[in-house]
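*Asks:* Encoded as structure tokens, here's the structure I'll be asking about.
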Amino acid sequence: MSHRTALRHNRHARKAAAAVIIVVAALGLTACQDVETDSSSSSPSASASAPQAPAPTAKDQDQAKDQDQAKDTAKGTPSGTPKKPGMKCTDQINYAGDSRDNATINSIGNDTGYCPPIQKDETSKGTPKKPGMKCTDQINYAGDSRDNATINSIGNDTGYCPPIQK
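As numbered in the numbering used here, residues -1 to 164 make up the sequence shown, in order.
Here you go:
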């Protein structure tokens, strides 16, 4: 067998192998598609094309809209002050008296882009603490069952001097 004849046989073998691969791929694609009845076509298509997603129905669109509305409701409309780029909310706003810790406040700001409004805990009621002053120097706690360190600690933590407890 001459060199030329060997090349022709080799070329035919490659073409045959390529044809087999194309047929297998086409059958694989059509086998994976859902069987649908289509009144416009009486025979299944033999061409190898990418599978297409069915067009969304009105019901699908309504469900997607409902899901989007549910997500918006769960998130809520952002409220508060817009967060300044590169700044923590706790550096931007004085959260003295807020019952949440700084990490929680800053996380809310990072997640939403808004610094949350100050939340005052019901237990933080009392007299606003004067800057640089201890609560026990600001208010006469005679008769209060707590020690001065506890009272002053509450004032430092909340920004409010606690009411007198007997």
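Note that beta-carbon positions come from the ideal geometry of N, C-alpha and C, so glycine has one too.
So does the segment 138 to 151 actually touch the segment 92 to 112, counting three or more Cβ pairs closer than 8 Å?
*Replies:* no
*Asks:* So K164 packs on S143, CB below 8 Å; how close in whole Å?
*Replies:* For the purposes of this step, residue 164 is identified with residue 166 of the sequence shown, where counting begins at 1. For the purposes of this step, residue 143 is identified with residue 145 of the sequence shown, where counting begins at 1. With 8 Å as the limit, K164 and S143 qualify as a contact, their Cβ atoms being about 7 Å apart.
*Asks:* Output yes if chain D places a C-beta closer than 8 Å to the C-beta of A147; else output no.
*Replies:* No chain D appears in the structure shown, which is made up of a single protein chain.
*Asks:* Going by Cα to Cα distance, which pick from K128, D145, S97 is closest to D155?
*Replies:* Position 157 of the sequence shown, counting from 1, holds the residue named residue 155. For D155, the nearest C-alpha among the options comes from S97.
*Asks:* Can you check whether the CB of P161 is closer than 8 Å to the CB of I149?
*Replies:* Here residue 149 refers to the residue found at position 151 when the sequence shown is read from its first residue. Here residue 161 refers to the residue found at position 163 when the sequence shown is read from its first residue. No, the pair does not count as a contact, with Cβ atoms beyond the cut-off.
*Asks:* By how many angstroms is the C-alpha of A101 removed from the C-alpha of K128?
*Replies:* Looking up residue 128 in the sequence shown gives position 130. Looking up residue 101 in the sequence shown gives position 103. Those two C-alpha atoms are separated by around 25 Å.
*Asks:* With DSSP run on the structure shown, which of helix, strand or coil describes D99?
*Replies:* Counting from one through the sequence shown, the residue named residue 99 turns up at place 101. D99 falls in the coil class under three-state DSSP.
*Asks:* Please state whether the Cβ-Cβ distance between P126 and G157 is less than 8 Å.
*Replies:* Taking the sequence shown and counting its residues from 1, the one referred to as residue 126 is at position 128. Taking the sequence shown and counting its residues from 1, the one referred to as residue 157 is at position 159. Yes, the Cβ-Cβ distance between P126 and G157 is below 8 Å.
*Asks:* For V22, which residues in the same chain have their Cβ closer than 8 Å to its Cβ, ignoring the five residues on either side in sequence?
*Replies:* Your numbering for residue 22 matches position 24 in the sequence shown. Closer than 8 Å at Cβ, skipping near neighbours: no residue.
*Asks:* By DSSP, does G111 sit in helix, in strand, or in coil?
*Replies:* Locating residue 111 in the sequence shown gives position 113, where the first residue counts as 1. Note: G111 maps to coil in three-state DSSP.
*Asks:* Run through the DSSP bridge pairs and tell me what Y158 is partnered with.
*Replies:* Start at 1 with the first residue of the sequence shown, and residue 158 comes out as number 160. According to the DSSP secondary-structure assignment, Y158 is paired through a beta bridge with P126.
*Asks:* Name the DSSP bridge partner or partners of K118?
*Replies:* As a first step, residue 118 must be located in the sequence shown, where it is residue number 120. Bridge partners of K118: D96.
*Asks:* In chain order, what residues of the same chain lie with their CB nearer than 7 Å to the CB of T165, ignoring the 5 residues before and after it?
*Replies:* Examination of residue 165 is not possible in this model, given that the chain is present from -1 through 164 alone.
*Asks:* Exposed or buried, which one is A81 when buried takes at least 16 other CB atoms within 10 Å?
*Replies:* By 1-based counting over the sequence shown, the position of residue 81 is 83. In the sequence under discussion, the amino acid at residue 81 is Lys, which differs from the Ala named in the question. Per the 10 Å Cβ criterion, buried.
*Asks:* Can you have a look at I20 and say buried or exposed, based on whether 16 or more other CB atoms are within 10 angstroms of its CB?
*Replies:* Taking the first residue of the sequence shown as position 1, residue 20 is located at position 22. Exposed: under 16 other Cβ atoms inside 10 Å.
*Asks:* Could you tell me which residues DSSP puts in a beta bridge with T79?
*Replies:* On the sequence shown, position 81 is the one that residue 79 refers to. T79 pairs with C113.
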